[in-house]
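Novice: So that we are looking at the same thing, I have put the structure below in structure tokens.
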Amino acid sequence: MPRAEGGRMPGFLRHVFSSDGFMPHGHCFLWKPGLIWLHVSADVLIGLSYVAISLTLAYLVHRARRDIPFHWMLLAFGTFIIACGATHFMEVWTLWVPVYWFAGDVKLLTAAASVATAVVLPALVPRALALIETAKTSEDRKAKLEVTHLELAGVYERLKELDTLKTQFFANVSHELRTPLALIVGPTEKLLAAGGLDDRQRHDLEVVGRNARTLLKHVNDLLDVAKLEAGKMAASYARVDLARLVRLVAGHFDGLGEERRIALSVEAPEEVRAELDAAKIERVFLNLLSNAFKFTPAGGAVRCRLAVAGGCATLSVEDTGPGVPPELRPLVFDRFRQAEGGPTRSFGGTGLGLSIAKEFTELHGGTIAVDDAPGGGARFTVTLPLVAPAGVAVRSAPEEIDASAEQIARQALEELRARVQALAGAPEVGGPRVLVVEDNPEMNRFIAEVLGADYHIDVAHDGAEALARAEARCPDLVITDVMMPRMSGDQLLRALRDRPAFDGVPIVILTARAADELRVRLLRSGAQDYVMKPFSAEELRARVANLVIIKRTREVLQHELASQVSDLEALAAEVTFRKRELRTALDAMRVARDQAEQASRAKSDFLSLVSHELRTPLTAIRTYLHLLERDGAASLLPRQRSMVEKTVRSSARLLALVESLLEYTRAESGQLVTDVAPLDLGALAADVVEEMRPLAEQKQLALHVAAPPALPLLLSDAQLVRLILVNLIGNGIKYTGQGGVEVSVSHDEGVHRLAVIDSGPGIPADRQRLIFEPFTQLEPVRHKHTPGVGLGLALVERMVAALGGRVELRSELG
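Structure follows, in structure tokens:
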């Protein structure tokens, strides 16, 4: 565009800023100062405000452009506002300078910005509403999150309370299990030391003692875990010679090494002075050595090394066993974790040994790790500081250490020696052949002795060995455990059922696991019966006899039918098939009826472990005690007979405690199965009262039942009602010092009422609800005088609820 000469404006600008022919706007106000300054002030303030608003929007968009939706709309709106402000500035300018063309152009720009904003804004309304809805949703989620946070806080407090209850439960269990165990171990050792026993009696007592010590070890491990979780385990430091301690502990395993042909070597300095808790480090080393000998095969080697460097002692235990896979190394120190999991594990145990070793090591500020040994196998390495932490009291000499190391080594020796001992040769017995498959040598021996008088017994210690023996000589019946090395019981069951030659061989499952899923799966796979540990010898004999008779009868019938003429073969086959179906159905119904009373939900790893590890030795203890009590009644001295009777009562108390724990698990899981049938509640109450009368007479208490003569029958589960009565009457007798206990049965308006009234001290009103809480007792553990873990009334409440009833408590102090 051409420019004017002499610096003059271009033509279009002269037109825009032209004021020719116009007079200033001030003439309209007659140049009255007050009116002019009123308009000037208002327009200037409005214009400046518009400019300030526009600049604020521009700054906001600049600082938060990525977080603000429709930021471009804010910029457009700012442009519109600043244009509006410009029109007000033009109003001030035109008061003195009549540049109306320029003022009109500014208004035209403002109009364009206004129209653009008005056109674009409606299209943004749905998106803005969506943003508002999103904001509301976000607020709702925030509110829900706060509610969830409060719920989590409540759950956390409940978990803390449950953790405290768990610790109290462990304290109760340690008390209730240790007491009867002490009354088993003590009299057993006295009887063995007294002499005057024949070989059979001595053998039975030795089995009782070994299994009782095994139970005691499990209880002590559980108690240590409880103390560690409660933070009540502390190191008691003393100045000790660590090298001497290592050699002393390793020396306990010399006999075990010779027995298993395992070379045991110890490499340690002459002396290593250290400040530590000798008993706990001894326990760490014992657990590591026991673990090494457990997994080292015959002819292998175990090497122990102790070295000192950098103010720390390093103790390593190497073996030539299978080693620990890399993926399992972070897990082997977890509680209840075992490298061999599942039903085919080779060794029993609670899975606490390495966990306790790790926590005792960390209690000293040390570390423990596992890797591959140089010669193959596993190597566990423990690193311990030689000096106690600052400010910790250190004794000049360690306290006297008990004989736990020797006991653990002896127990390991007995267990591993028993695994290689064959069953003592028994005279050949004619008749049906029974194959006993059980990895526990003492349980295997016991079953063989129970059945040996009537059957020819073959024994095997795992499923693979049993399958080979069965194929060599077909048995008439198979009794098998579930959890065994190499091949488990359920794998053996499937292998036998896959072979047509064993179609008619009945199989009895023998196990301590009470899971419903396992029982149903095994029955569906072809098992004829399912026997729970602990069991009585007479029960096992009866079940085996019934199944053998059925098998022999079937064989006779099949032989007779096979000898008939050909035109009856089809009918005979049909009859046989129908008989088999009927027999299978009857067997399944009988087993289902027997096991329905013991139905439970699948146990957690811990409860399954307690069930297996406590029930198995309990079975051996009770069965051998009953054999000793029966066979040695005439030869035992009165003092010895009294000791045996006390031991029997203690084992019964221990078994009742374990059964209560398992029964509570079933009730708590909601899988308590009821077998409803008509029953006479008055007669049942009278029957239970007679059973409990000796317990009341021991405390010189009166015990009687009051029931109307013509009481309508109650439609309920007789077994559960009996268990309810036993718990209520037993609770009344337990807490009644003098007076008596009355059982009242009545019927009113179609409802049966059962009341147990005692003359005990009563329960405070503020604590009456607590007695129905599991593991809760009104007596503190350290002051309690009555046995129990606090499950009886909790179990009663859940069983009554399962039967559709309710429990009420009425009590007055005194």
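For the sequence shown, counting from 1, position 492 maps to 1252 in the numbering used here; every step adds exactly one.
Cβ atoms here follow ideal geometry from the backbone N, Cα and C, with glycine treated the same way.
Quick caveat, the model's predicted, so the values are computed rather than measured.
#1: In whole angstroms, what separates the C-alpha of serine 1571 from that of serine 1504?
#2: Excluding five sequence neighbours on each side, which residues of the same chain lie with their C-beta closer than 8 Å to the C-beta of leucine 795?
#3: What does the Cβ neighbour count give for glutamine 928, buried or exposed, with the cut at 16 atoms within 10 Å?
#4: Mind checking who valine 1265 pairs with in its DSSP beta bridge?
#5: Count the CB pairs spanning the segment 1468-1480 and the segment 1436-1450 that are closer than 8 Å, and state whether there are at least three.
#6: Tell me the DSSP secondary structure of valine 1436 in three-state form.
#7: Let's see if you can read the secondary structure: which residues bound the beta strand (DSSP E) around alanine 1034?
#8: Please return the same chain residues whose Cβ sits closer than 8 Å to the Cβ of threonine 854, not counting the five positions on each side in sequence.
#9: If valine 1222 sits next to leucine 1195, beta carbons under 8 Å apart, how far is it from one beta carbon to the other, in whole angstroms?
#10: Measuring alpha carbon to alpha carbon, tell me which residue in Pro1468, Thr1379, Ser1076, Gln1528 is nearest alanine 972.
#11: Is it a yes or a no for the segment 1282-1301 touching the segment 1251-1259, going by three-plus beta-carbon pairs under 8 Å?
#12: Have a look at arginine 1443 and glutamate 1450 and give me their C-alpha separation to the nearest angstrom.
#13: Is leucine 965 near leucine 983, with beta carbons less than 8 Å apart?
#14: What residues match up with histidine 1512 in a beta bridge as DSSP calls it?
#15: Mind checking who arginine 754 pairs with in its DSSP beta bridge?
#16: How would you call glutamate 1557, buried or exposed, if buried means at least 16 neighbouring beta carbons within 10 angstroms?
#17: Is the Cβ-Cβ distance between arginine 938 and valine 1000 less than 8 Å?
#18: Would you call the CB atoms of isoleucine 1517 and methionine 1452 closer than 8 Å?
#19: For alanine 1445, collect the residues of the same chain with a Cβ closer than 8 Å to its Cβ; drop the 5 residues on either side in sequence, then sort them by chain order.
#20: Please name the residue, chosen from Gly946, Ser996, Ile1239, Gly1212, that lies closest to methionine 1403 on a Cα-to-Cα basis.
#21: Quick one, which of Val1062, Ala1058, Lys1040, Ile1489 has its alpha-carbon nearest serine 1050's?
#22: Excluding sequence positions up to five away, which residues of its chain have a Cβ less than 6 Å from the Cβ of threonine 1240?
#23: Excluding the five sequence neighbours on either side, which residues of its own chain have a C-beta within less than 8 Å of the C-beta of aspartate 1132, listed in chain order?
#24: Confirm, please, whether the CB-CB distance from leucine 1573 to glycine 1522 is below 8 Å.
#25: Using the Cβ count rule (16 or more neighbours within 10 Å means buried), how would you classify alanine 1230?
#26: Can you tell me which residues form a DSSP beta bridge with glycine 1500?
#27: On the DSSP bridge list, what partners appear for proline 1145?
#28: Does the beta-carbon distance from isoleucine 841 to tyrosine 810 come in below 8 Å?
#29: Spell out the partners DSSP gives arginine 1279 in its beta bridges.
#30: Can you give the beta carbon distance from alanine 1023 to arginine 1155, rounded, assuming they're within the 8 Å contact cut?
#31: Please return the same chain residues whose Cβ sits closer than 7 Å to the Cβ of threonine 877, not counting the five positions on each side in sequence.
#32: Output needed for glutamate 1568: all residues of its chain with C-beta closer than 8 Å, excluding positions within five of it in sequence on either side, in chain order.
#33: Taking only runs that begin and end inside the segment 1218-1266, name each unbroken alpha helix (DSSP H) of 4 or more residues, in chain order.
#34: Using only the alpha-carbon positions, how far apart do glycine 845 and tryptophan 856 sit?
#35: Tell whether a beta-carbon distance below 8 Å holds between lysine 1311 and aspartate 1236.
#36: Under a Cβ-count criterion, where at least 16 other Cβ atoms within 10 Å of its own Cβ denotes burial, should threonine 801 be classed as buried or exposed?
Specialist: Concretely, from the data shown:
#1: 16 Å
#2: Phe789
#3: Burial call: buried.
#4: None; valine 1265 has no bridge partner.
#5: yes
#6: Note: valine 1436 maps to strand in three-state DSSP.
#7: 1033-1036
#8: Pro784, His785, Tyr860, Ala863
#9: At residue 1222 the sequence reads aspartate, which differs from the valine that was named. So it is not a contact: roughly 12 Å between Cβ atoms.
#10: Thr1379
#11: yes
#12: Before going on, a small fix: residue 1443 reads as alanine here, not arginine. One C-alpha to the other measures close to 11 Å.
#13: It is not a contact, given that the beta carbons lie outside the stated cut-off.
#14: Looking at the DSSP output, histidine 1512 sits in a beta bridge with His1507.
#15: Residue 754 lies beyond the residue range present for the chain, which begins at 761 and ends at 1574; the question has no answer from this structure.
#16: The residue is buried, with at least 16 neighbouring Cβ atoms inside 10 Å.
#17: no
#18: no
#19: Val1465, Ala1467, Leu1485, Val1503, Val1505, Leu1514
#20: Gly946
#21: Val1062
#22: Val1197, Gly1249, Leu1252
#23: Beyond the five residues adjoining it in sequence on each side, aspartate 1132 comes within less than 8 Å, by CB distance, of Gly1083, Ala1138, Arg1139 in the same chain, given in chain order.
#24: One thing to note: glycine 1522 has its Cβ within 8 Å of the Cβ of leucine 1573.
#25: buried
#26: Ala1462
#27: Answer is Cys1072.
#28: The answer is yes: Cβ separation under 8 Å.
#29: None, per the DSSP bridge assignment.
#30: At roughly 37 Å, the Cβ-Cβ gap does not stay under 8 Å, so alanine 1023 and arginine 1155 are not in contact.
#31: Ala836, Phe837, Phe840
#32: Same-chain partners within the cutoff: there are none.
#33: 1223-1232, 1249-1257
#34: 19 Å
#35: yes
#36: Reading the sequence as shown, one finds serine at residue 801 and not threonine. With fewer than 16 other Cβ atoms within 10 Å, it is exposed.
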